[in-house]
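S.K.: In my numbering, the protein residues as written are 384 to 619. Backbone N, C-alpha and C fix where the C-beta goes; we use that ideal spot for every residue, glycine too. Sharing a structure with you now.
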């Protein structure tokens, strides 16, 4: 059985290596590969998957979460469809990222962001035959909350994350949410915290005016309801 598979495995290995070398050649030959991928606007699709929300702190007006954060765009210079390698994508190591152009989308309102390392940095970097790049980070972050304790302990609290490109305005890069399920929480248990329950999350987009031009901004807002049973029992 293994002997029958050997030729096919060898072909796939050669195809993957050929695609990888094609990208390597582009990076080496194109001195300005870090420059913007298009003469005109580059559209960057953003997607956020919440793995877990672990804490809401009234003291620091913040929340902690682990998320997967994806950016997807197309760089035609990385197109290898003409090579006919018959592979769906090529996976690149994280250390190759600085050699490629990226839109530099970041959490502009975060208090702290760390890329998970278990044991190596949790960065997914895929290049598809048409030059589409999929960049995904698994990060632990601390974001801000707007706390209002007027109705404590039957209160609701709002926390949010805001995304922008820190390098490119709308004349160069457009940032949009993914059309389908741009924000998701796959594990229902992730919505339950010791003192709060996530009852709603909404995403929105806006265009802001800065000194350097117009900037696309994406935002996701989480609404939490306090679990007040403990406080009622304390009164009783």
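Figure out for me which residue from 431, 581, 547 and 461 has the closest Cα to the Cα of residue 610.
M.R.: 581
S.K.: In chain order, what residues of the same chain lie with their CB nearer than 7 Å to the CB of residue 388, ignoring the 5 residues before and after it?
M.R.: Legend: pLDDT at residue 388 = 48, less than 50; position of this residue unreliable, no value from coordinates given.
S.K.: In the DSSP output, what is residue 596 paired with across the bridge?
M.R.: 593
S.K.: Taking the C-alpha atoms as reference points, what is the distance between residue 370 and residue 522?
M.R.: Outside the shown range of the chain (384 to 619) lies residue 370, about which nothing can therefore be said.
S.K.: Leaving out five residues on either side along the sequence, give the residues of the same chain with a beta carbon under 6 Å from the beta carbon of residue 447.
M.R.: Correct list, in chain order: 437, 438 and 525.
S.K.: Where do the ends of the beta strand (DSSP E) carrying residue 441 lie?
M.R.: First-last for residue 441: undefined, no H or E at that position.
S.K.: Residue 558 lies in the beta strand (DSSP E); which residues open and close that run?
M.R.: 556 to 560
S.K.: If I measure Cβ to Cβ from residue 477 and keep anything under 6 Å in the same chain, skipping five residues before and after, which residues do I get?
M.R.: 504 and 506
S.K.: Run through the DSSP bridge pairs and tell me what residue 585 is partnered with.
M.R.: Beta-bridge pairing links residue 585 to 604.
S.K.: Would you report the Cα separation of residue 508 and residue 548, rounded to the nearest angstrom?
M.R.: 18 Å
S.K.: Return the CA-CA distance between residue 512 and residue 466, expressed in angstroms with no decimal places.
M.R.: Roughly 9 Å separates the two Cα atoms.
S.K.: Does the Cβ-Cβ distance between residue 559 and residue 429 come in under 8 Å?
M.R.: yes
S.K.: Pull the bridge partners of residue 475 from the DSSP assignment, please.
M.R.: 508
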